[in-house]
Structure formats: structure tokens, C-alpha cells
Amino acid sequence: MPHPATAIQGTGGAIAPHLRRLLEFVEPDRDDVCLDVSRGHGPMPAALGPQVRHLTAVDAMPAPADPAPGTSRRMATVEFGTGPVRITDGDSPPPTTRSGHATRGAATTREDPRPRTLDPDRPTIKADATALPYRDNTFSLVTARFSLYNLGDPDHVLRELLRVCRPGGRVIIADLVRGNLAAPDRDRIERLRDPDHPGTPSIARLTEMITSAGGSIRRLDVFTVERPVEPWLAGACDDVTAERIRTALVDEVDGGPKTGAKPRIIGGELWFTQSWAHVAAEPIP
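Sequential numbering from 87 applies to the sequence shown in the working numbering.
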């Protein structure tokens, strides 16, 4: 049975253990020139920035409609100086839309609720993740956390992340997955909650996508995460749907049909399980 763990102090404030796990997997270096691509403002830039030489944060917009013939969707190049984890709802993955210790196992944490802010001298760039405004081989470290399926076609996004990464650099993808032997029925409640949910890839599918995009897999960390149900259900399309999901999960706890979410009662609250993966890839020259 996993036991709760408190957030631990790190550079720039308290960092929850599941984010610390990702930072240890990333293995940031003081000489790294880093690009973080996300939808909205995630915690990675604030946590990673103090540990690298330079960090650029991209708040990626959904891919626009196809450009007119003869025009490029890529924005002008941006110039810059080169100077089961158990979580509460403080840092859950964003809703999906169409538009160092790599150990396996479960862990637990209570998320630090305090907001983290970026250095005001490090502005966030608005850009299309399928057409990043950077030259080839610009960054030694590229990160995308819970963003791959929110930023446009994931194959195009992966190609862009690998394109802007230097030879010998690394691209770190952190996202939801399902086990290779897990039934795709696990996505039934995800699609019930969000009809536009694109489906959770298997671990094999995620790594296959990365290699097909031109990356070589270097390291992999797969682990289970337990989350409280109610904050997650707050993102359901309506209250009736949320109640249907809640009922299905409670029924499973009581011995009813399995949903694949492995729900259980913790401290009087209903929790469920997801699988997360950290993948480190290197662009193939």
C-alpha cells in the first residue's frame, strides 16, 4: 500500500515528488539550452529553468487551419540569447482535445498548491507546436509534459520537437499511457468524460510514434498514478455524465463490472488510477 509523501523543497520552491521524479529523469545540465512546449502554463519552466543555462517556454496554440497555397505555417524564427505517484488536483494533466530515477512502481504525493511564476525576463512564446519558430538543431534539451495530444497532430508535433533538438541532445516526453496488455476499454470512461478524447496510447504505440518521427529511444520510465476522482470529474462535459462515471467507479469498488480505472476508497474519497510514462529520445542524425 503506498504511503503519502509530502512535497520536497527544490530550487524555486517546493516541488512535488512526481515532478521531482520527472526532473531527475530529465537530468538537466547547467550547459543545457532548453525548450519547453506545453498547452498553457505548466510547472516545468519554473522547476527546470534554474537548472539549465537558458530556457524558452512555448505556450503552444492549437494548429491553425491549412495555410493558403504557397505560404508557410511556420512563424518567423525567434531569436534569443543563449546566456503510483499519488496526486491531488494541484497539477493534473490538462484536458485532451483533438484540435533520474527511472524506476517502475507506484508512489504518492500531496501537491504543493502555491502557484509558480516564470522569471519576468523569460517571456512565454506563443507558437504552433506543429511548426515551431526555431531553426534546426537549436536546443540541447526539449521537453513536452502532458502536451503531445493537445497541440495538434502528435506525429507532426514529435517531428518538430526532434527537428529543433541538437544531435546528441534529448527530447523528453511525459504523458499518459496504457500498458501494452491493457484493453483499450480503459478509454471508455475517458471518452465518456470528454467526447473529444483521442484515446490513450499504449506504451508500445508511444515509443513507435517517436521512432517513426526520427527519434531513438534512450530511456523509459513507466509508473502508476492515483488521483482523486472529483477534481477529474469537474472536467466532465456535464453533470449527468459525471454522475454516470462516478456510479460506474463506485460499482466497481463494490465488486461490479471493471472500468479499467482501478478505483478504490482512500480516506473516504474515491480515487482512480492512471499510468504515466517518461520517455527520453535522441534525434537520429
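Note that beta-carbon positions come from the ideal geometry of N, C-alpha and C, so glycine has one too.
Please read all numbers here as calculations on a predicted model, not as lab measurements.
Taking C-alpha positions only, residue 282 is separated from residue 119 by approximately 35 Å. Contact between the region 247-259 and the region 226-236 is present: 3 or more CB-CB pairs across the two stretches fall below 8 Å. In the three-state reduction of the DSSP assignment, residue 327 falls in the helix class, which pools H, G and I. In this structure, residue 278 sits away from residue 246, with a CB-CB distance that is not shorter than 7 Å. Listed in chain order, the non-local C-beta contacts of residue 101 below 6 Å within the same chain comprise 133, local neighbours out to five positions each way being set aside.
In the structure shown, residue 314 adopts extended strand secondary structure according to DSSP, grouped into three states. Counting along the chain, the unbroken alpha helix (DSSP H) around residue 273 starts and ends at 273-279. Taking C-beta atoms as the reference points, residue 216 and residue 238 count as a pair closer than 7 Å. The DSSP-derived three-state label of residue 139 is coil. A distance below 7 Å separates the beta carbons of residue 286 and residue 273. Around the Cβ of residue 326, a 10 Å sphere holds fewer than 16 other Cβ atoms; the residue is exposed. Taking C-alpha positions only, residue 301 is separated from residue 367 by approximately 6 Å.
Taking the CA atoms as reference points, residue 341 sits about 11 Å from residue 350. Check the Cα spacing between residue 234 and each of 311, 299 and 315: the tightest is with 299.
Secondary structure at residue 296: helix, using DSSP grouped into helix, strand and coil. A straight line joining the alpha-carbon of residue 122 with that of residue 249 spans about 14 Å.
With a threshold of 16 other beta carbon atoms within 10 Å, residue 128 meets it and is buried. Beta bridge pairing from DSSP links residue 356 with 351. Distance from the CA of residue 264 to the CA of residue 365, rounded to the nearest whole angstrom, comes to 14 Å. By the criterion of a C-beta distance shorter than 8 Å, residue 114 is surrounded in its chain by 120, 134, 137, 138 and 227, once the five residues flanking it on both sides are discounted. Assigned with DSSP and collapsed to three states, residue 132 falls in helix.
Closest in C-alpha terms to residue 360, from the list 241, 336, 330 and 288, comes 288.
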